[in-house]
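Report on the structure given below.
Protein chains in written order, with this note's numbering: chain W, 387 to 503; chain F, 90 to 840.
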């Protein structure tokens, strides 16, 4: 029984580490633009490093037909875009000051972050 | 936000219009290649598109194509109508797929379910039972693969990405149930005899029910965007333009600025413009909510999306494409529909941590059963863990706010009220004090001269002549009233010199060697002009809601000219509606006390501030806010900008559709103050709806999870079945969407 309990708590620790503590690797935007695929519940890449003070274009390619994937919100910049299925939707961002900018779908199941440095 | 960045090295696609022959291809390509910044341009003649690479703006490319005689537009800019029907098609396809998945899953799940109820415990004891359950297990795997693949794939993808979502919970829940059942079938000895129970029916039923829930949700979601669909539907698809004195029917995207557009009775106005010929009445109700048709003749503005009722109109296009008022309204409504009021932020924060927390709770629940539960503990542990995973529904929480905002903002737009964002929506629902500007808001804003009381002057005509000459330099609405009534009597105006407007007092100028002064009593006092008993006459005019002004020539009072601005016919009833909602209504005006009191009395307003200088309006708003009032300020959006900006909610009141919709928190498309009451009623209803949704979602998750974990078992011996949890989850988000849809039936006018 001890072993089972220990295993359970290890599993909990693993969940905490995997979802909250682990820092995922970042994708850096080169050439002012980046293609982001929207499929199976994730933006890939979802952690995006963006250079400060220059405009960038994010191109979203939605492959997921579930309606959750449809709306892209970037609340800090008051951006909301409808992503149509299987086509690239361009989102042009103005020059940003350094900081973190979350973007997500309406229900926040799809989540990503722009790290402006 | 679709500013094209000129430095971007990229590939762009353009749709070419008017290219009828293969030889056009070379011409277009050459024109594009000659544009600065273009590296290559290739045209596909079959589908009339060109792809261009290089660092160049789309606008420059379109110009280049137009310079050789064709029309072009960027591909990602294609008509909103097409995008919408495309979306509907995509939704329909997805709906059909989900229904098919649901059928597959339930055709296995339902018989199993019936078996478990009728025959009883699905235990595995004999070898025959093992074999038959193995077959069922394989069939269940088929269901998982064919109907539930998207859950597992989504769960795996997001797991790899260190994120978790609804798919994760469904995949873990159904996966656990299936794996445990397979263990029971293959190695029954691994579990105690009493726990040899299979849960294939749970896996199949949950997948089926959740697919059904998703399918129904898509249907319900479609309804939430009905308002925007209606707005988009107002756009005409084609327009008749007059080119080379011939009528040409072209697609609306091809209408260029300054084209002369012809609209027959019964047709929609395709783009914004100014009438150059013809006379007709136009129904603008679809945009402004104003039911009376508006008469239009030469020099009047017409707006895209409105309906020409009676006559033939020719007008010059002044705004086309995405610059038309309708396109801007659509854009704004869309943006507002996706913005979130502050009330939804807590739910967002919770949603971000929700899924991993539920996973942890499910492990803790399983451990609790294993440690303290009765035999067969392992079966109980598996059931409780599965049920916790399945019943938790982050979707309901995440959907609660956006769905209601979507319907609420759309509903407001239908009544001619444009709400800028979620914050404005929430603030509007809490307004306790409404500040109204008098001129143009409560009143028509079109004053006219009613009385001329002579003092030292000899005749009315010469008074009006001098006064109108003086006021022709001023832009004040009262001044214009005087000029207009002089012109109406065919009075010729003199030239004036050294005109000077003294803010808050009046105006002065010289005319024909005479020193003219025109303004309020303060001005007269300042200039030491004797008013004698004319102040009483002025006061009695003011008590009739007229604005008296003093006119002095060479230091002597010449006459009192009174101007009245009639109250809008429906202002009184609209103000009553506001007051019935316990909103303190306050009137501000630069006008004198007596006139203000008379207008306020007529309009049913108890509180007013008269003789307020324009720059003091913001101070009045501030004073109310210091008094803990949530202040709404209503003005025409031009003179009142600082006060509008300072107020918790700024309402810009437009007459017709000529409004700067980007300037205020809430824009009323028609002049009526009923728009204010409508806006507040809709935002109150929306906030109430959001609260219901959030409350439902919170209670559902907070109460559902412990229930699923089995807290009731020690007391009542009840443990929730995973199938019930699956049904509950599937229908929880549907409930939220349906509740939001209920808002569509809300009638603002009745509140």
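Note that beta-carbon positions come from the ideal geometry of N, C-alpha and C, so glycine has one too.
Query raised in the report: Who does residue 140(F) pair with in a DSSP beta bridge?
Result: 102(F) and 131(F)
Query raised in the report: Within 10 angstroms of its Cβ, does residue 388(F) collect 16 or more other Cβ (buried), or is it exposed?
Result: exposed
Report task. List the residues of chain F that residue 428(W) touches, going by C-beta distances under 9 Å, in chain order. Result -> 243, 246, 247, 249, 250, 252 and 254
Requested in this report: Leaving out five residues on either side along the sequence, give the residues of the same chain with a beta carbon under 8 Å from the beta carbon of residue 400(F).
Outcome: 354, 367, 368, 369 and 370
Requested in this report: Measure the Cβ-Cβ separation of residue 350(F) and residue 330(F) and say whether it is below 8 Å.
Outcome: yes
Query - C-beta neighbour in chain F for residue 485(W), strict 8 Å - result: no
**Report entry** Bounding residues of the alpha helix (DSSP H) (the contiguous stretch that carries residue 423(W))
**Finding:** Not the alpha helix (DSSP H): residue 423(W) falls in the beta strand (DSSP E), residues 419-425.
Query raised in the report: Does the segment 496-507 of chain F come close enough to the segment 311-320 of chain F to have 3 or more Cβ pairs within less than 8 Å?
Result: yes
Query raised in the report: Can a CB atom of chain W be found closer than 8 Å to the CB of residue 484(F)?
Result: yes
Query raised in the report: Whose Cβ in chain W lies nearer than 8 Å to the Cβ of residue 183(F)?
Result: 451, 452 and 453
Query raised in the report: Taking all protein chains shown into account, do 16 or more other C-beta atoms lie within 10 angstroms of the C-beta of residue 408(W), making it buried, or fewer, making it exposed?
Result: exposed
Query raised in the report: Taking the alpha carbon of residue 373(F) as the point to measure from, which residue in 689(F), 414(F), 306(F) and 279(F) has its own alpha carbon closest?
Result: 414(F)
Query raised in the report: residue 180(F) by DSSP, collapsed to three states: which one?
Result: helix
Query raised in the report: Taking only beta-carbon atoms, is residue 392(W) less than 8 Å away from chain F?
Result: no
**Report entry** Those runs of the beta strand (DSSP E) which lie wholly inside the segment 398-464 of chain F and span at least 3 residues
**Finding:** 402-408
Query raised in the report: Which residues in the same chain have their Cβ closer than 6 Å to the Cβ of residue 586(F), if we skip the five residues on either side of it in sequence?
Result: 599
Query raised in the report: With contact counted as at least three CB pairs below 8 Å, one residue from each stretch, are the segment 701-709 of chain F and the segment 538-546 of chain F in contact?
Result: no
Query raised in the report: Who are residue 541(F)'s beta bridge partners in DSSP?
Result: 650(F)
Requested in this report: Run the proximity test for residue 163(F): is its beta-carbon closer than 7 Å to any non-hydrogen atom belonging to the ligand FAD?
Outcome: Here there are no bound small molecules, and the ligand FAD is not part of this structure.
Query raised in the report: Of all the beta strand (DSSP E) runs that stay within the bounds of the segment 442-500 of chain W, which reach a length of 3 or more residues?
Result: 442-448, 457-460, 465-468, 474-479 and 485-490
Query - Within-8 Å CB hit, residue 449(F) to chain W - result: yes
Requested in this report: Would you check if there are 3 or more beta carbon pairs closer than 8 Å linking the segment 443-454 of chain F to the segment 481-489 of chain W?
Outcome: no
Query raised in the report: Roughly how many whole angstroms lie between the Cα atoms of residue 758(F) and residue 725(F)?
Result: 11 Å
Report task. Can you have a look at residue 792(F) and say buried or exposed, based on whether 16 or more other CB atoms are within 10 angstroms of its CB? Result -> exposed
Query raised in the report: Given that residue 488(F) touches chain W, what residues does it touch there, using C-beta distances under 8 Å?
Result: 492 and 493
Query raised in the report: Would a check of beta-carbon distances place residue 413(W) closer than 8 Å to chain F?
Result: no
Query - Contact list for residue 401(W) against chain F, beta-carbon separation under 7 Å - result: 445, 448 and 449
Report task. Using only alpha-carbon positions, find the residue among 132(F), 813(F) and 256(F) that is nearest to residue 480(F). Result -> 813(F)
Query raised in the report: By how many angstroms is the C-alpha of residue 214(F) removed from the C-alpha of residue 396(W)?
Result: 34 Å
Query raised in the report: For residue 285(F), does the count of other Cβ atoms within 10 angstroms reach 16, so buried, or fall short, so exposed?
Result: buried
Query raised in the report: Around the Cβ of residue 525(F), are there at least 16 other Cβ atoms within 10 angstroms (buried) or fewer (exposed)?
Result: buried
Query raised in the report: Would DSSP call residue 335(F) helix, strand or coil?
Result: strand
Requested in this report: Select from the segment 449-469 of chain F all residues with a C-beta closer than 9 Å to any C-beta belonging to chain W, and list them in chain order.
Outcome: 449, 452, 453, 455, 456, 459 and 460
Query - Length of the line joining the Cα atoms of residue 777(F) and residue 127(F) - result: 54 Å
Query - Strand pairing of residue 600(F), partner residues [DSSP] - result: 603(F)
Report task. Please confirm if residue 834(F) has its CB atom under 8 Å from at least one CB of chain W. Result -> no
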